[in-house]
Amino acid sequence: MGTLFRKTTFALAAVLLSAQSAMANVLEAFTDADSIVAGTRFPVYVSARGEGDSFDLEGAAGQSYNLFATNNVAIYQSKDSNQPTLKNYLGKIGPSGVDTLWLEYPLEYIQTLTDHFQIGVGLTNHFLTVFQPLITFAKATTTDKDGIPLTWEPVNHDPDTHEDGSPYFQQTNTEVALTLIAISPITMGICKECDFDIVLDFSTSAGVTAEDAKLVDGITTILLRSEKDFETETASISVCVMRNSNIQATYGNMHFLNKPSALPQAELSNALSLPAAYTVMDLQGRIIRKGVTHSADIDMSSFAAGSYIVKIGTNYRKINVR
């Protein structure tokens, strides 16, 4: 009886150890995120759980898995891949013991301020919240010693008057530069992962045009101009994200006048006479070079290929260097 009891106990212990070992090798999906911004990618790790918060890399290596995602969430093999897998991704963990995949809730599917989705492997899953990103026109409130903006304040219209009390006008048929930023509703700060194409919305005032732009690191410059005068009426510009027109921003109360005398004398002198102060910026408003010029053109031959905003006096131009 004692021998039979010992054999049964040993057999049960062996089964329990085998079950614990099997449980230790069960694959799971791990992520640090519980909420994300639509149109941005976040990493998901597939491995086996070890003790505590560690991974059982040796037990996970070589195992096959099926990572699933709901609600049109796209699964990518790398952060920069442009070939997504929808709903399910079949993979096999390599010798490292952990696979890293990148997921994105597509920007075009977020039609409300928030939504939810699930991801998981096997019987384990995670529930995440997705937020619709915000865009707004803004001005820098503080900068570092190199003129790079540190903090921003949303703005949505021109002032009524200049500091001297004279009416505030923009010059007709002259570029006006406005900064557009993307905001993460999660942090209420700049969404540095928001790299979205921006286009002009149909609600923009007739006669006002702007070049398409692209948010990079959550910031871009919108160059607009008006082909007609708006002396008593006001003009406005509306832009939206190309992939989702529900995400938009409007800037209004703009007056345009094709009369140099409408500008304050200090601005008129600065805009039309040389020498004049100049600034070269990238499309995110970061200052590349500044100084004083005696010419209406800046020599850009030493600049790296790309697009730049050049401000001479109060005039703006976009220059593409190839």
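Here the working numbering runs 929 ahead of the position in the sequence shown, where the first position is 1. From the three backbone atoms N, C-alpha and C, an ideal C-beta is built for every residue, glycine too. Since the structure is predicted, the reported quantities are computational estimates derived from the model, not experimental observations.
Beta-carbon proximity check, Asp1211 vs Tyr1237, cutoff 8 Å: Note that the C-beta distance between Asp1211 and Tyr1237 is below 8 Å.
Cβ neighbour criterion (16 or more within 10 Å) applied to Gly1118: Gly1118 is exposed by the Cβ-count criterion.
Anticipated Cβ contact below 8 Å, Ile1064 with Val1170, distance rounded: Right, the Cβ-Cβ distance comes to about 7 Å (below 8 Å), so this counts as a contact.
Residues that DSSP places opposite Phe1096 in a beta bridge: First, the amino acid is wrong: residue 1096 is Pro here, not Phe. In the DSSP output, where bridge partners are listed per residue, Pro1096 has Thr1090.
Exposure of Ser1113, with buried meaning 16 or more beta-carbon neighbours within 10 Å: Classification of Ser1113: buried, given that the 10 Å Cβ count is 16 or more.
Pairwise C-alpha distance: Lys1240 and Ala1205: Roughly 10 Å between the two C-alpha positions.
Sequence ranges, alpha helix (DSSP H) only - wholly within the region 965 to 1009, length at least 4: Listed in chain order, they are 986 to 989.
Sub-8 Å separation of Thr1090 and Leu1079 beta-carbons: Contact: no.
Check whether Thr1108 and Gly1214 have beta carbons under 8 Å apart: At the C-beta level, Thr1108 and Gly1214 come within 8 Å of one another.
Helix, strand or coil at Leu1079 according to DSSP, with G and I counted as helix: In the structure shown, Leu1079 sits in a strand (DSSP, three-state: E or B).
Where the beta strand (DSSP E) containing Asn1249 begins and where it ends: Counting along the chain, the beta strand (DSSP E) containing Asn1249 begins and ends at 1244 to 1250.
Gln1055 - containing beta strand (DSSP E), residue span: The question names Gln, but residue 1055 in the sequence shown is His. First-last of the beta strand (DSSP E) with His1055: 1053 to 1060.
His1045 - containing beta strand (DSSP E), residue span: That run of the beta strand (DSSP E) goes 1043 to 1050.
Three-state secondary structure assigned by DSSP to Glu1037: In the three-state DSSP reduction, Glu1037 falls in the helix class (H, G or I).
Same chain only: Cβ atoms within 6 Å of Val1105, ignoring 5 sequence neighbours per side: These residues qualify, in order along the chain: Gln1099, Leu1153.
Burial state of Asp985, where buried means 16 or more other Cβ atoms lie within 10 Å: Buried is the call here.
Cα-Cα separation between Asn1011 and Asp963, rounded to whole angstroms: For Asn1011 and Asp963, the distance between alpha carbons rounds to 24 Å.
Distance between Thr1133 and Ser1167 (C-alpha atoms, nearest Å): Spanning the alpha carbons of Ser1167 and Thr1133 requires a straight line of approximately 5 Å.
Rounded straight-line distance, which links the Cα of Thr1029 to that of Ala1069: Whole-angstrom Cα-Cα distance: 37 Å.
Sufficient close CB pairs (3 or more, under 8 Å) joining the region 1021 to 1040 to the region 1136 to 1151: Not touching, per the Cβ criterion.
Coarse secondary structure for Asp1211, derived from DSSP in three states: Of the three classes helix, strand and coil, the one that applies to Asp1211 here is strand, per DSSP.
Alpha-carbon to alpha-carbon, Thr1041 and Leu1052: Per the coordinates, the alpha-carbon of Leu1052 lies some 29 Å from the alpha-carbon of Thr1041.
Host beta strand (DSSP E) of Glu1160 (start-end): That run of the beta strand (DSSP E) goes 1159 to 1170.
Integer-rounded CB distance, given that Asp1130 should sit under 8 Å from Gln1177: Confirmed, Cβ separation roughly 6 Å.
Closest Cα partner of Ala1111 within the set Tyr1018, Tyr1097, Ile1127: For the residues Tyr1018, Tyr1097, Ile1127, the minimum Cα distance to Ala1111 belongs to Ile1127.
Beta strand (DSSP E) segment containing Phe1066, residue limits: For Phe1066, the enclosing beta strand (DSSP E) begins and ends at 1063 to 1072.
Environment of Arg1251 [buried if 16+ CB atoms lie within 10 Å]: Answer is exposed; the Cβ neighbour count stays below 16.
Asp1075 vs Ile1227 beta-carbon contact at 8 Å: No. Outside cutoff.
Spatial neighbours of Leu1201 in its chain, beta-carbon cut-off 6 Å, leaving aside the 5 residues before and after: In this predicted model, Leu1201 has a pLDDT of only 48, less than 50, meaning its place in the structure is not dependable; the value taken from the coordinates is given anyway. Answer for Leu1201: no residue qualifies.
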